[in-house]
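Report on one structure; see the data block that follows.
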């Protein structure tokens, strides 16, 4: 009797161990997929932002020493601060959204693999769910740029170009932009 109970306990523990190992491997696989996807989409998002907030034309005009140098430098100031803010916001949004989406899908896929029923999340639903990130990479980033640029203009326009600003003042600029975006 004792041997039978010991064997049952060992089998139960072995099952639990294999189940935990399977879950861990699935989670690690999902994390690798997340990291690879985030890396590839981060490059696309960053390039998109740098394309939208391009400074090449302004730099070229400044090299020609035009009469409206001050206005061009003001534009450059807005674009640079906007770039920094948009990059931070966009890459953070992308990272969090993708991690949440891929882990939710991964959880359903794991559950589906453990059951012999009809899958709860089919490939069509997965594609629709992930299309939200693809929308963000294109039109979503453009919209984010417009929103952040408005906030940056409100905060940075009053700062004179010749004014030397401290690191604390730069930090305050970013906090002010964030406050405007959150209200």
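Numbering (the working numbering), first residue to last: 17 to 199.
All C-beta atoms in this analysis are idealised placements derived from N, C-alpha and C, irrespective of residue type, glycine included.
It should be emphasised that the depicted structure is a prediction, and the values quoted were computed from it without experimental measurement.
Just checking my contact of residue 106 with residue 61 at CB under 8 Å: how many whole Å lie between their CB atoms?
Contact flag correct, Cβ pair sits at about 5 Å.
Which of helix, strand or coil does DSSP assign to residue 69?
Three-state result, residue 69: coil.
Counting Cβ pairs, one atom from each stretch, are 3 or more of them under 8 Å apart for the region 91-105 and the region 61-70?
Segments in contact, yes.
Let me make sure I understand the geometry here. Which of 87, 166, 127 and 18 has the alpha-carbon closest to that of residue 38?
Across the set 87, 166, 127 and 18, the C-alpha of 127 shows the shortest separation from the C-alpha of residue 38.
Beta-carbon separation of residue 189 and residue 97 under 8 Å?
Closer than 8 Å, so yes.
Separation of residue 63 from residue 53, as counted between CA atoms:
Rounded to whole angstroms, residue 53 to residue 63 spans 16 Å at the Cα level.
So what's residue 176 in DSSP terms, helix, strand or just coil?
Note: residue 176 maps to coil in three-state DSSP.
I need the straight-line Cα distance from residue 121 to residue 196, nearest angstrom please.
Approximately 34 Å between the Cα atoms of the pair.
Can we say the region 86-97 touches the region 112-120, given the rule of at least three CB pairs closer than 8 Å?
Below 8 Å, too few C-beta pairs join the region 86-97 and the region 112-120 to call them touching: fewer than three.
Using DSSP with H/G/I as helix, E/B as strand and the rest coil, what is residue 132?
Residue state, collapsed to three classes: coil.
Quick one: Cα of residue 82 to Cα of residue 73, how far?
Between the alpha carbons of residue 82 and residue 73 lies a gap of roughly 13 Å.
Between which two residues does the alpha helix (DSSP H) holding residue 193 run?
Segment 183-198, the alpha helix (DSSP H) holding residue 193.
Let me know if residue 33 comes out buried or exposed under the rule of 16 or more other beta-carbons within 10 Å of its beta-carbon.
Flag for residue 33 reads exposed.
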